[in-house]
Ligand code: NDP
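Residue numbers (this note's numbering): 307 to 786.
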């Protein structure tokens, strides 16, 4: 049984309460490690460590901080297979996905922000008699809170720009998936990152996460998680006027126009619906299909999904693994029951798969396709965050735009059409932060990332991340 410890001031330390939380591999139900159940006392110690490390860290030149990010990327890369295996075990996702997305992109995040820091231009604005110089100052100590679906990827997406801008960090990963944050800490210790620059405290959100958000010495919070938790975080941080970035839930529309290339659209919609067992905030969990092609699209979509290899996440050919926990599977199954009560028909899935005895206690659920629900039913408008997709028809562009915009969320979406002008126009009519045309999750790290409405506040990505993790100050100097 591996014991994970907090990483505070460059040292691995137990939490002050001495209590621990079991960490399960959701595909087998096996408890294989324990994490500290940290609370406000531990967060206080971590914030103090981050505070004392911050002046020296921010005094480094940009080139020196950028070089540290590259060193972290290089060290992560040498352990990337170990990281992929750990992420797959902790989350239940297929090892192939953990390699392609989690371990690879975590390395990329550090490299990307190292480069971006070098490219950041200092703004100057000349007046007739004076010059304005805009200076980026670090915020100080920033708090980073991340979910379980893309654990190290989302943590590195926050740590890299925060460090780049001269801040020090107190982070709390989801207690369901703590292992890769722990491996990152081992790497930071191995390469000798100055003590206190990155501190990781493990524990429950309501205890340890809430203490980070409420801490008066933490100047900014970047939070990725559910909308309900985001509200709690915002309510705690707002009275202290902390900088706040909230990346929250989604109920994203995949829109298939009648002129879509069906090979591309069927494969794209299936990937968008079920990648990571449907546990990606950007997943297209509502598919709107032009009435004229609905029967053919539906037939081909069901065929495509039923070809997916469901099973042991550690097997090379597995395309669809386990959900992150049994509690989460219960929630997803309750939505499937609700869909039936709301008048839906299950076209595929809706049940637990039969797998080998080793996986008997795993949190598996088949990819599930539901037809026949009203687009404003609860199942088709609330975030399920699991392997459930609903299919709906539409008869005009205006109608489908109305459907796409009808939920409380505004995170992402995709439009599938061979008429790129129409696709672009439709994308602009969708009230969300990101829309892809004829692709999905095609990521360029320079572009804004975030949502509108109840999907969040603020944007991260590229220069926007660097702006979030800094305070812009203007110095106006009167000419001689
Ligand atoms: P949660 O909101 O439950 O948790 C997110 C993180 O916040 C966890 O580390 C959690 O800890 C912590 N937390 C919980 N309560 C508090 C609190 N009161 N104060 C501070 N921190 C707290 O989300 P999930 O982990 O279940 O992740 C799934 C959600 O994340 C989905 O809604 C999904 O859409 C969203 N998401 C959004 C993304 C985006 O970019 N927009 C990307 C990925 C996911 P603990 O685990 O202990 O509860």
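Just so you know, even glycine gets a beta-carbon here, dropped at the ideal spot from N, CA and C.
None of these values were measured; they are calculated from a predicted model.
Please say whether residue j and residue i have beta carbons closer to each other than 8 Å?
i	j	result
residue 505	residue 475	yes
residue 747	residue 588	yes
residue 676	residue 651	yes
residue 309	residue 339	yes
residue 470	residue 367	no
residue 489	residue 389	yes
residue 707	residue 674	no
residue 608	residue 654	yes
residue 351	residue 451	no
residue 448	residue 420	no
residue 780	residue 440	yes
residue 576	residue 562	no
With 16 other CB atoms within 10 Å as the buried threshold, where does residue i fall?
i	result
residue 658	exposed
residue 321	buried
residue 497	exposed
residue 412	buried
residue 329	buried
residue 433	exposed
residue 581	buried
residue 611	buried
residue 422	buried
residue 755	buried
residue 312	buried
residue 635	buried
By Cβ distance, which residues of its chain are closer than 6 Å to residue i, with the 5 residues on each side in sequence left out?
i	result
residue 414	none
residue 533	554, 555, 760
Given this structure, state the Cα-to-Cα distance separating residue i from residue j, to the nearest angstrom.
i	j	result
residue 591	residue 585	10 Å
residue 430	residue 444	19 Å
residue 761	residue 726	27 Å
residue 392	residue 670	18 Å
residue 732	residue 573	21 Å
residue 687	residue 593	12 Å
residue 720	residue 667	35 Å
residue 446	residue 360	6 Å
residue 417	residue 409	13 Å
residue 325	residue 514	13 Å
residue 343	residue 484	12 Å
residue 503	residue 316	8 Å
residue 639	residue 656	8 Å
residue 723	residue 672	29 Å
residue 363	residue 538	31 Å
residue 544	residue 685	32 Å
residue 624	residue 394	11 Å
residue 529	residue 336	29 Å
residue 764	residue 473	19 Å
residue 405	residue 785	55 Å
residue 493	residue 382	7 Å
residue 738	residue 773	21 Å
residue 508	residue 319	11 Å
For residue i, which residues in the same chain have their Cβ closer than 7 Å to its Cβ, ignoring the five residues on either side in sequence?
i	result
residue 540	550, 552
residue 649	678, 679
**OP:** Could you tell me whether the segment 551 to 563 touches the segment 707 to 717, using the rule of 3 or more Cβ pairs below 8 Å?
**Re:** Yes: at least three Cβ pairs fall under 8 Å.
**OP:** Flag this pair as touching only if the segment 345 to 363 and the segment 520 to 527 have three or more C-beta atom pairs under 8 Å; answer yes or no.
**Re:** Yes, the segment 345 to 363 is in contact with the segment 520 to 527.
Original post:
Do the segment 589 to 601 and the segment 699 to 710 touch if we need at least three Cβ pairs shorter than 8 Å?
Top reply: Result yes; three or more Cβ-Cβ pairs closer than 8 Å.
Original post:
On the three-pair Cβ rule with 8 Å, is the segment 382 to 398 touching the segment 613 to 630?
Top reply: Taking 8 Å as the limit for Cβ pairs, the verdict is that the segment 613 to 630 does touch the segment 382 to 398.
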